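Enquirer: Below is a structure I'd like to ask you about.
Protein chains in written order, with the UniProt record's numbering: chain A, 1 to 345; chain B, 1 to 345.
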């Protein structure tokens, strides 16, 4: 784990120390209407003099238009290259705040203070920043490391159960790609766990180790994309349908089911492993009904995935529980077949 | 000089070889309506199968809105991370094309083929990409190196004399900050030079050496900002006034006069050196009339400069002809005084 990630009850205190010691010229805090109410009051006592920038919450606002507003506020506040932006929120705030900071005057400092389980175990680690563009997830972005990441598990108490489940999907993904023993141990406990801090620490360790080995995703880092080829397409498709929109982890849970199915179909994984993963995921996540029309459109969307080479869809699959292989070519038809499998569960 | 910069009559042939050897998945060429007519026909025979993306020329289009159009076209063309964008144009095309490539899917390859003297001796070298934002020059950007730069001096024959003079200002700047002998030798020849290729090579060598020593502008690279504190402010101010808009180098020539004056005022430079520089610059560049109102607004604009720390304006000044010093604090009043000096020339 890189030294710049602090996890635990002392995270906010460490944030305070950093902001004191580094003598940034100005401090701005990016929040949305939820974190402004539920998280900012907890953080405020630890902050020096600062300015607030508030945006609307949700993936639908992770756009160039919102960035324009943030950049306008940063300009009004006269932030310079020695200022720092504190991103207080979930994945959208972290990804978009990092993106805005990375570009403003060719690079401002930024700090991640993730407030959702999803952002704590995934988005805040690894230096990817970005926004959506014309409905395509993280279509624009840069690699840029924050000055530091502060993970305060206390924020989880402010989260609805649906948000917890969404983050839990990325935790499960980390077990499936890198730690089969942990999967075995945890699948009987599930969401009844009493030690989120330990689960977060374990997940961050896995992700950090992968990112450190391959920061710019030349190869190995792609193991983290397990569940994301189909998952991103499902998420992009349903985000346009207000009543059916999924949280990121909910879509990734579907993606993991489909891609586990494909792992078996490709002869990489045993049927027994599929049964175990299927039983566990179905026990945690409600089934999302998809029509044949939905399936057609979702599979076509997966062609736009950043990880593809030309017309070939590159997917990360499982070889066993705890070990993933990347760059596995799959066809549009196979994606459709996996979604039909999911429909029949 | 980095190995990736090719200067000379064989530049287009080298471009052809690169595009053949690297086997990019797709090739897109960014042009504006001028380079589409005057430069693209010269380059086309050297290109493999490719797509054209055409935008409107000029600094007023170096905006987020134009980027949105470019990203939309890149999405339609299904460019992936193994595609390359060839930026065929002046500084606007190079800066904005590099910016768009750096952000699309977190980074596409790009190649610079600068077609103006200004872009050949300055913008294409050094890895700065960017766009203007709300009238502020290069307010958004990232550092990102192109795969290679191809400088074909033949393009200069397509340029109006005003464009040549604009690029010449950056050449003069390179002499003033790094090579006093060259200034002495060239100031009597001026625009009558018969060897642009040699002048370009010399300028690129100076810029490359500075950038190599300090790629992210932690310190020394700031010597390249000589003339740019006042120059950028003049340029930003006049760009809003259609009949008075200056080319970049024309504004930098004014900036160099003002900042040479300030170098003397600060006791760094001799009056004799100012006289020499003044005589030369006035012989090349027409005087631009500025009212007292203009001077007030321009000096306030210089407060937004990216190079400032809080309220202090940091300027690069000359210690002698051929040697610059950076991070020299100057006041709003001194900027006004220097602009009044310019008015009295």
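C-beta atoms are modelled at their ideal positions from N, C-alpha and C, and glycine is treated no differently. Bear in mind that the values here come from a model prediction, so they are computed numbers and not experimental data.
#1: Can you name the start and end residues of the alpha helix (DSSP H) that residue 143 (chain B) belongs to?
#2: So, helix, strand or coil for residue 276 (chain A), using DSSP?
#3: My output table needs one value for residue 152 (chain A): the three-state DSSP class, helix, strand or coil.
#4: Considering only the beta carbon of each residue, do residue 121 (chain A) and residue 200 (chain A) sit closer than 7 Å?
#5: Mind checking if residue 140 (chain A) is an interface residue toward chain B, Cβ cutoff 7 Å exclusive?
#6: Rounded to the nearest angstrom, what separates residue 230 (chain B) and residue 43 (chain A) at their Cα positions?
#7: Quick check on residue 106 (chain B) - is its C-beta less than 7 Å from some C-beta in chain A?
#8: Could you check which residue in B:96, B:20, B:73, B:79 has the C-alpha nearest to that of residue 57 (chain B)?
#9: Output the distance between the C-alpha atoms of residue 213 (chain B) and residue 245 (chain A), rounded to the nearest integer angstrom.
#10: Please state whether DSSP places residue 2 (chain A) in a helix, a strand or coil.
#11: For residue 178 (chain B) and residue 323 (chain B), what's the separation of their Cα atoms in angstroms?
#12: Closer than 7 Å, Cβ to Cβ, to anything on chain A: give me those residues from the stretch 144-177 of chain B, in chain order.
#13: Would DSSP call residue 202 (chain A) helix, strand or coil?
#14: How far does the beta strand (DSSP E) with residue 344 (chain A) in it extend, from its first residue to its last?
#15: I want to know whether the stretch 59-73 of chain B touches the stretch 5-21 of chain B - three or more CB-CB distances under 8 Å.
#16: When you compare each of B:52, B:116, B:258 to residue 228 (chain B) by their alpha carbons, which one comes out closest?
#17: Can you list the residues of chain A that residue 133 (chain B) reaches, using a CB-CB cut of under 7 Å?
#18: Starting from the beta carbon of residue 60 (chain B), find every residue of chain A whose beta carbon is closer than 7 Å, and list them in chain order.
#19: Measure the alpha-carbon distance for residue 59 (chain B) versus residue 108 (chain A) and round it to whole angstroms.
#20: Output the boundary residues of the beta strand (DSSP E) element that contains residue 330 (chain A).
#21: Taking C-beta to C-beta, are residue 180 (chain B) and residue 321 (chain B) nearer than 7 Å?
#22: Output, in sequence order along the chain, the residues in the stretch 218-242 of chain A whose CB is closer than 9 Å to any CB in chain B.
#23: Under 6 Å from any heavy atom of the ligand COA, does the C-beta of residue 123 (chain A) make it?
#24: Does the stretch 295-306 of chain B come within contact of the stretch 147-164 of chain B, defined as at least 3 CB pairs closer than 8 Å?
#25: Starting from the N-terminal side, write out each stretch of the beta strand (DSSP E) that is 3 residues or longer and does not extend beyond the stretch 68-107 of chain A.
#26: What residues from chain A crowd round residue 11 (chain B), counting only those whose CB sits closer than 7 Å?
#27: Of all Cβ atoms in chain A, is any one closer than 7 Å to the Cβ of residue 85 (chain B)?
#28: Under three-state DSSP, which class holds residue 28 (chain A)?
#29: Can you round the beta-carbon distance between residue 110 (chain A) and residue 147 (chain A) to whole angstroms, since I take them to be within the 8 Å contact cut?
#30: Just to confirm the assignment, what range does the beta strand (DSSP E) spanning residue 260 (chain A) have?
#31: Taking 7 Å as the CB-CB limit, is residue 30 (chain B) close to chain A?
#32: Report the residue from B:341, B:75, B:312, B:125 whose alpha carbon sits nearest the alpha carbon of residue 6 (chain B).
#33: Pick out whichever of A:334, A:103, A:176, A:86 has its Cα sitting closest to the Cα of residue 143 (chain B).
#34: Quick check: the Cα distance between residue 215 (chain B) and residue 174 (chain A), rounded to an integer number of angstroms?
#35: Quick one: residues in its chain with C-beta nearer than 8 Å to the C-beta of residue 251 (chain B), no 5 flanking neighbours on either side, listed in chain order?
#36: Could you work out which residues of chain B lie near residue 130 (chain A), taking near to mean beta carbons separated by less than 9 Å?
Expert: Taking the geometry as given:
#1: Where residue 143 (chain B) is concerned, there is no enclosing alpha helix (DSSP H), although the beta strand (DSSP E) around it starts and stops at 136-143.
#2: Residue 276 (chain A): helix per DSSP, three-state reduction.
#3: Taken through DSSP and simplified to helix, strand or coil, residue 152 (chain A) comes out as coil.
#4: Judged by their CB atoms, residue 121 (chain A) and residue 200 (chain A) are nearer to each other than the 7 Å cut-off.
#5: Closer than 7 Å: yes.
#6: The alpha-carbon separation between residue 230 (chain B) and residue 43 (chain A) amounts to approximately 41 Å.
#7: For residue 106 (chain B), the answer is yes, since a Cβ of chain A falls inside 7 Å of its Cβ.
#8: It is B:96 whose Cα lies nearest to the Cα of residue 57 (chain B).
#9: Approximately 50 Å, taken between the alpha carbons.
#10: With a pLDDT of only 48 at residue 2 (chain A), under 50, the local geometry of the prediction cannot be trusted, and the value read off the model is given with reservation. In the structure shown, residue 2 (chain A) sits in coil (DSSP, three-state: anything other than H, G, I, E or B).
#11: Cα to Cα, the separation comes out at about 5 Å.
#12: Within the stretch 144-177 of chain B, no residue has a Cβ that lies closer than 7 Å to any Cβ of chain A.
#13: Helix, per DSSP.
#14: Membership of residue 344 (chain A) in any beta strand (DSSP E) is not indicated, and neither H nor E is assigned to it by DSSP.
#15: With the cut-off at 8 Å, the stretch 59-73 of chain B and the stretch 5-21 of chain B do not touch.
#16: It is B:258 whose Cα lies nearest to the Cα of residue 228 (chain B).
#17: From the beta-carbon of residue 133 (chain B), the residues of chain A found nearer than 7 Å are 71.
#18: Ordered by position in chain A, no residue passes the 7 Å Cβ test against residue 60 (chain B), which lies about 17 Å from the chain.
#19: Rounded to whole angstroms, the gap between the alpha carbons of residue 59 (chain B) and residue 108 (chain A) is 24 Å.
#20: Per DSSP, residue 330 (chain A) belongs to the beta strand (DSSP E) from 323-330.
#21: Contact flag set, yes.
#22: Within the stretch 218-242 of chain A, contact with chain B at the beta-carbon level (separation under 9 Å) is assigned to no residue.
#23: In the structure shown, the ligand COA is absent, as is every other ligand, since no ligand is present at all.
#24: Touching, no.
#25: DSSP runs (the beta strand (DSSP E)) wholly in the stretch 68-107 of chain A: 84-89.
#26: Within chain A, no residue has its beta carbon less than 7 Å from that of residue 11 (chain B); the closest one is some 28 Å off.
#27: It does not: the Cβ of residue 85 (chain B) has no partner Cβ on chain A nearer than 7 Å.
#28: In the structure shown, residue 28 (chain A) falls within a strand segment according to DSSP collapsed to helix, strand and coil.
#29: Approximately 7 Å separates the beta-carbon atoms of residue 110 (chain A) and residue 147 (chain A); this is inside 8 Å, confirming the contact.
#30: Segment 248-265 is the alpha helix (DSSP H) holding residue 260 (chain A); no beta strand (DSSP E) there.
#31: No, because no Cβ of chain A sits closer than 7 Å to the Cβ of residue 30 (chain B).
#32: If we check each option's Cα against that of residue 6 (chain B), B:125 comes out closest.
#33: Nearest in C-alpha terms to residue 143 (chain B), of all of A:334, A:103, A:176, A:86, is A:103.
#34: The alpha-carbon atoms of residue 215 (chain B) and residue 174 (chain A) are separated by roughly 37 Å.
#35: Here the set comprises 231, 232, 234, 235, 238.
#36: Residues of chain B passing the Cβ test: 103, 106.
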